[in-house]
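Colleague: Have a look at the structure that comes next, please.
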Ligand code: G1P
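Numbering (the working numbering), first residue to last: 19 to 315.
See the structure below:
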């Protein structure tokens, strides 16, 4: 099987209840980190890694997400007429090639594994990436690109990996690492959200995966796992038992959990401080509130 990865699945069917009331009418993936929707960060990372086909697994209430990927010709013409070339470029960089995006509905919230399985007919017999837009990763070389390069050497299945505090294992897929010293970690097993005292390690799976079609085959069995849901972690772990290797990839970069409010705020500050047009004002403000302990009333 070729190791070229050109397709990525973006599971975006979740209700985003942690961000209510905002998510009452705005899909979580459209919420803005500085001035770009969360999903744009994932798309840019995927493009940098050579992805050309983008498969969104959506649900009811996500039409704003589909609209976001349409070209906005009226706005483009307006900016062109006014000579606002810098804004025009920002807008054009978000345009997707016609036919490059597909939307599949997940009709029931049966878990991440089920969401990925919903895209099976668009994948066929080739390796594919899965990207969870909630996990935003700031890195010099985009995380998925790092993984694609490593995957060209290893094949098998690969998941992004990072050490977490031992008491946080119950929020993640956790690797049973055969050897956790290098960048590429061979996994002996994988467990979804184990309690701290049952976790095989503190090496957590972060939302970037490069998987072979055998994982989709494993998902066909629709086995329920942690939380009564069909888990992607379990389908990947099953491959290990079948002799298909699974590697954790310890990426270079900083990961933000934008599925949580605290993580979203941290990412907002970090990405804003990385911007030339915002850094000075924001850092002056942050220094001031830290020094004086002043907060919004
Ligand atoms: C999902 C996966 C989990 C992984 C995590 C990374 O969990 O099921 O294995 O560690 O993403 O963010 P979720 O955060 O959707 O509950």
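Every residue gets a Cβ at the ideal spot worked out from N, C-alpha and C, and that includes glycine.
Could you check where the alpha helix (DSSP H) with residue 231 kicks off and where it finishes?
Modeller: Note, residue 231: alpha helix (DSSP H), 231-237.
Colleague: With residue 115 as the anchor, note down where its alpha helix (DSSP H) starts and where it stops.
Modeller: First-last for residue 115: undefined, no H or E at that position.
Colleague: Looking at the unbroken alpha helix (DSSP H) that takes in residue 165, where does it start and where does it end?
Modeller: Looking at the DSSP string, the run of the alpha helix (DSSP H) that includes residue 165 is 161-172.
Colleague: Mapping the DSSP letters down to three states, classify residue 25 as helix, strand or coil.
Modeller: Strand at residue 25.
Colleague: Is any non-hydrogen atom of ligand 1 found closer than 7 Å to the C-beta of residue 224, if you look at the structure I gave you?
Modeller: For ligand 1, at least one heavy atom lies less than 7 Å from the Cβ of residue 224.
Colleague: Okay, do the region 111-123 and the region 70-89 touch, 3+ Cβ pairs below 8 Å being the bar?
Modeller: Touching, per the Cβ criterion.
Colleague: Starting from the Cα of residue 158, find the closest Cα among 52, 147, 269 and give me that residue.
Modeller: Checking every option, the nearest Cα to that of residue 158 belongs to 269.
Colleague: Report yes or no: do three or more beta-carbon pairs, one from the region 49-59 and one from the region 280-294, lie closer than 8 Å?
Modeller: With a cut-off of 8 Å, the region 280-294 and the region 49-59 count as touching, because enough Cβ pairs lie within range.
Colleague: Would you list the one or two residues that DSSP bridges to residue 267?
Modeller: 178, 202, per the DSSP bridge assignment.
Colleague: Give the straight-line distance between the Cα atoms of residue 163 and residue 310, rounded to the nearest whole angstrom.
Modeller: Roughly 42 Å between the two C-alpha positions.
Colleague: Using only the heavy atoms of ligand 1, determine whether one of them is closer than 7 Å to the beta carbon of residue 252.
Modeller: It does not: the Cβ of residue 252 is nowhere closer than 7 Å to a heavy atom of ligand 1.
Colleague: Does residue 145 pass the burial test, meaning 16 or more other C-beta atoms within 10 Å, or should it be called exposed?
Modeller: The residue is buried, with at least 16 neighbouring Cβ atoms inside 10 Å.
Colleague: From the DSSP output, which residues share a beta bridge with residue 207?
Modeller: DSSP, once it has assigned bridges, lists 194 as partnering residue 207.
Colleague: Determine the direct distance from the alpha carbon of residue 107 to that of residue 182, and round the result to whole angstroms.
Modeller: Approximately 39 Å, taken between the alpha carbons.
Colleague: Need the endpoints of the beta strand (DSSP E) that residue 155 sits in, please.
Modeller: Taken as a continuous stretch (DSSP letters only), the beta strand (DSSP E) holding residue 155 covers 153-156.
Colleague: Suppose you measure from the CA of residue 26 to the CA of residue 312; what does that come to, to the nearest Å?
Modeller: Residue 26 and residue 312: Cα-Cα distance of roughly 44 Å.
Colleague: Kindly indicate which residue of 189, 130, 41 has the alpha-carbon position closest to the one of residue 253.
Modeller: When each option's Cα is compared against that of residue 253, the closest is 130.
Colleague: Output yes or no for whether 8 Å exceeds the beta carbon distance between residue 238 and residue 256.
Modeller: Not closer than 8 Å, so no.
Colleague: Going by Cα to Cα distance, which pick from 46, 245, 152 is closest to residue 273?
Modeller: Measuring from the Cα of residue 273, the nearest candidate turns out to be 152.
Colleague: Go through the region 249-299 residue by residue and report every complete run of the alpha helix (DSSP H) that reaches 4 residues or more, in order.
Modeller: Segments of the alpha helix (DSSP H) lying fully in the region 249-299: 250-259, 279-291.
Colleague: Between which two residues does the beta strand (DSSP E) harbouring residue 71 extend?
Modeller: Its beta strand (DSSP E) spans residues 71-76.
Colleague: Which of the three DSSP states is assigned to residue 184 in this structure?
Modeller: In this structure, residue 184 counts as helix in the three-state DSSP scheme.
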